[in-house]
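A.B. asks:
Protein chains: 2
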Amino acid sequence: MTNQIKSKDSQAGRPSSPSTTQTKRTGRIRERNRELILAAAEEEFALHGFRGTTVQGIAERADLPKSNVLYYFSNKQRIYYALFDDIMDRWNAVLSEIKPEDDPALALANFIRAKVEMSRTHPLASRLFAMEIIQGAPLLKNHLCIGMREWVRGRSEVIQQWIDEGRMERVDPVQLILLIWSSTQHYADFQAQILIIEDKEAYVQKDFDHAADFLTTVILRGCGLELP
Amino acid sequence: MTNQIKSKDSQAGRPSSPSTTQTKRTGRIRERNRELILAAAEEEFALHGFRGTTVQGIAERADLPKSNVLYYFSNKQRIYYALFDDIMDRWNAVLSEIKPEDDPALALANFIRAKVEMSRTHPLASRLFAMEIIQGAPLLKNHLCIGMREWVRGRSEVIQQWIDEGRMERVDPVQLILLIWSSTQHYADFQAQILIIEDKEAYVQKDFDHAADFLTTVILRGCGLELP
DNA sequence: TAAAAACTAGACTATTTGGTCAGGTAAATG
DNA sequence: CATTTACCTGACCAAATAGTCTAGTTTTTA
Chain A
0 MTNQIKSKDS
10 QAGRPSSPST
20 TQTKRTGRIR
30 ERNRELILAA
40 AEEEFALHGF
50 RGTTVQGIAE
60 RADLPKSNVL
70 YYFSNKQRIY
80 YALFDDIMDR
90 WNAVLSEIKP
100 EDDPALALAN
110 FIRAKVEMSR
120 THPLASRLFA
130 MEIIQGAPLL
140 KNHLCIGMRE
150 WVRGRSEVIQ
160 QWIDEGRMER
170 VDPVQLILLI
180 WSSTQHYADF
190 QAQILIIEDK
200 EAYVQKDFDH
210 AADFLTTVIL
220 RGCGLELP
Chain B
0 MTNQIKSKDS
10 QAGRPSSPST
20 TQTKRTGRIR
30 ERNRELILAA
40 AEEEFALHGF
50 RGTTVQGIAE
60 RADLPKSNVL
70 YYFSNKQRIY
80 YALFDDIMDR
90 WNAVLSEIKP
100 EDDPALALAN
110 FIRAKVEMSR
120 THPLASRLFA
130 MEIIQGAPLL
140 KNHLCIGMRE
150 WVRGRSEVIQ
160 QWIDEGRMER
170 VDPVQLILLI
180 WSSTQHYADF
190 QAQILIIEDK
200 EAYVQKDFDH
210 AADFLTTVIL
220 RGCGLELP
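Protein sequences appear in the order of chains A and B. For the first sequence, position 80 matches number 79 in numbering that gives the first Met the number 0, and the numbering has no gaps at all. For the second sequence, position 1 matches number 0 in numbering that gives the first Met the number 0, and the numbering has no gaps at all.
1) Give me the subset of the segment 137-154 of chain A whose CB atoms are less than 8 angstroms from a CB atom of chain B, sorted by chain position.
2) Please classify B/V93 as buried or exposed, where buried requires at least 16 other C-beta atoms within 10 Å of its C-beta.
3) Using only alpha-carbon positions, find the residue among B/D62, B/Q159 and B/A187 that is nearest to B/D101.
4) Go through its chain and collect everything with a Cβ distance to A/L69's Cβ below 6 angstroms, but skip five positions before and after it.
5) Is there a Cβ from chain B that is less than 7 angstroms from the Cβ of A/R220?
6) Is it buried or exposed for A/T22, if we count other Cβ within 10 angstroms and need 16 for buried?
7) Out of B/G48, B/M117, B/A113 and B/D208, which one is the CA nearest neighbour of A/Q134?
8) A/I28 versus chain B: which residues are under 9 angstroms apart at the beta carbon?
9) May I ask you to report which of helix, strand or coil DSSP gives A/R166?
10) Taking only beta-carbon positions, decide if B/Q204 is within less than 7 angstroms of chain A.
11) Taking any Cβ of chain B, which residues in the segment 119-137 of chain A have a Cβ under 8 angstroms from it, in chain order?
12) At what residues does the alpha helix (DSSP H) containing A/V54 begin and finish?
13) Since I believe B/E200 is in contact with B/A104 (beta carbons under 8 angstroms), could you give me their beta-carbon distance rounded to a whole number of angstroms?
14) Out of curiosity, what's the CA-to-CA distance linking B/A156 and A/R31?
15) I need the DSSP call for A/Y202, collapsed to helix, strand or coil.
16) Rounded to whole angstroms, what's the CA-CA distance from B/P172 to B/E41? Just pull it up for me.
17) Alpha helix (DSSP H) containing A/G51: first to last residue?
18) Classify A/L214: buried if its beta carbon has 16 or more other beta carbons within 10 angstroms, exposed otherwise.
19) Answer yes or no: does any C-beta atom of chain A fall closer than 7 angstroms to that of B/F207?
20) Just tell me which of B/I218, B/R29, B/A106 and B/T52 has its CA closest to the CA of B/L127.
21) For a cutoff of 7 angstroms on Cβ pairs, would you count A/V157 as touching chain B?
22) Whole angstroms are fine: how far does the CA of A/M167 sit from the CA of B/M167?
23) Closest to B/A187 by C-alpha separation, out of B/M87, B/T120 and B/V54, would be which residue?
24) Hey, would you say B/T183 sits closer than 7 angstroms to B/K114, going by beta carbons?
25) Can you pull out the residues from the segment 104-117 of chain B whose beta carbon lies closer than 9 angstroms to at least one beta carbon of chain A?
26) Here's a check: name, in chain order, each residue in its chain whose Cβ is nearer than 7 angstroms to the Cβ of B/E43, leaving out the five neighbours to either side.
27) Going by Cα to Cα distance, which pick from B/L82, B/W90 and B/V151 is closest to A/L237?
28) Using a Cβ-Cβ cut-off of 7 angstroms, state whether A/D163 counts as contacting chain B.
29) So, B/A136 versus A/A191, is the Cβ gap smaller than 7 angstroms?
30) Compare the C-beta of A/I179 against all C-beta atoms of chain B and say whether one is closer than 7 angstroms.
31) If you compare alpha carbons, which of B/W180, B/V170 and B/N91 is closest to B/A129?
32) Check whether the Cβ atoms of A/I196 and B/R148 lie closer than 7 angstroms to each other.
33) In chain order, what residues of the same chain lie with their CB nearer than 7 angstroms to the CB of A/K75, ignoring the 5 residues before and after it?
34) Please name the residue, chosen from B/L175, B/A124 and B/G223, that lies closest to B/F83 on a Cα-to-Cα basis.
35) Can you pull the chain B residues whose beta carbon is under 7 angstroms from the beta carbon of A/S182, in chain order?
36) How about B/I28 and B/Y71: are their beta carbons less than 7 angstroms apart?
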């Protein structure tokens, strides 16, 4: 229940790790099973939250005996943490830098597209993250969000600079980031609701394109911007 | 696990209800305890989801013995349903009508304000709702969302009419509703994250005003609208 | 190929879970 | 004031839970 998160029960967890990271032949089984378990866990946690998820449920979805799951991850929390490690890695990879000399319209448009794309490719991760935050981020408060504060500050400074240079309308940069955040994330998180509203069975690629187009248009125009 | 939802274990649940709704003196205790339990349950469910919440936990938060909780609500699902009954009632009360002859800018601004206000006054309800949807709305799919489909269709028809009359930019009305929805809801649902980003302990009234102002400005301008 | 390391998995345990029940007390009512 | 009705609650139960342990099987390595 503390703030340690890089515990990585992963690469070299239980077994007496032989010297360094030797992923030659050893650990192939390990790798495969870890993937299986994490994939199953992602679904279970996104479906039932941390407390509502059972190790048994994860095991069944991964088609492994429970004891085997607990052989790879010594307890439920470790699985949860490992998931967020992966998610944050992916996250950091996607959140590209923006620089003061960039074109504001292009930069924001790219950001919106990247986030919508993320909703498309990793909806479970998005929901998992959302659930954790809604529940007050009891497990990740320190670790996860402090990094995010820095991240938001960095971007909003750039945006503020654009504003000061008269390259876009005067809007609160932090609010703008939150707006992009929430509106893009929504397609993953509230999928169930959107599908029902639009009377569909599942999303198709076109839906995401349409959403990204809409958001880009409205938000850019809302900031007094236009795509070149 | 079916689609019944108006089960209302409430007003006259277990005890052989005497004739009609006689809330003279009888049922005062009942009323009070129901409120206690529902308030506690709202917090527990919003914190842990349906499966993660325990009746014991609700009981403790309500400061009642578990058996007493189960005296008023015969099981966990009933409590959950009762909560959503209340939420949907409130919801329906807030979602005011919009008419083709209204001013688009004013109507949308009012809508945004009403939704931000809802995030302020009923954050737990918002989170509860969000969790249910994220998890795929297993319990409410039919009931809750079909009504919502009608609601969205009604509004989007009006918006479309505004567009056809050239009173605002051509934007997808359904997407617009989703945008307003997500961006306003976000303040309640992701409170934990926002507070950390903004380095605050709690929201104050000004924060909501500021958010509402921002969203109104950007979204209206994004639709080519201006407040009169 | 033999010893060591990594993996598999059933049996087991202590605790927690949702929910019942029976025997009570307090409150309304005739 | 008596009796019916509403309310309260501890004791109880079967099922599920997180996690351990041990005994075995496969894989790697020397």
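In this text, a Cβ means the ideal position worked out from N, Cα and C, and glycines have one as well. Computed from a prediction, not measured in an experiment: that's the story for all the values here.
C.D. replies: The short version:
1) K140, C144, I145, M147, R148 and V151
2) exposed
3) B/Q159
4) none
5) yes
6) The predicted model places A/T22 with a pLDDT of 40, which falls under 50 and marks its position as unreliable, so this point remains unresolved.
7) B/G48
8) Going along chain B, no residue has its Cβ under 9 angstroms from A/I28, so there is no contact; the nearest lies around 32 angstroms.
9) coil
10) Answer no: the Cβ-Cβ gap between B/Q204 and chain A never drops below 7 angstroms.
11) R126, A129, M130, I132, I133, Q134, G135 and A136
12) V54 to A61
13) Not quite, the Cβ-Cβ distance comes to about 35 angstroms (not below 8 angstroms), so this is no contact.
14) First, the residue type needs correcting, since residue 156 of chain B is Glu and not Ala in the sequence shown. Distance between the alpha carbons of B/E156 and A/R31 is about 51 angstroms.
15) coil
16) 33 angstroms
17) R27 to G51
18) Under this definition A/L214 is a buried residue.
19) Residue contact with chain A for B/F207: absent (no Cβ-Cβ distance below 7 angstroms to any residue of chain A).
20) B/T52
21) With 7 angstroms as the cut-off, A/V157 does not count as an interface residue toward chain B.
22) 21 angstroms
23) Comparing Cα-Cα distances from B/A187 to each of B/M87, B/T120 and B/V54, the minimum goes to B/T120.
24) With respect to the 7 angstroms criterion, B/T183 and B/K114 are classified as neighbours on the basis of their beta carbons.
25) none
26) T52, G56, I57 and R60
27) The first residue shown for chain A is 0 and the last is 227, placing residue 237 of chain A beyond what the model contains.
28) no
29) yes
30) no
31) B/W180
32) yes
33) V54
34) B/A124
35) L178, S181 and S182
36) no
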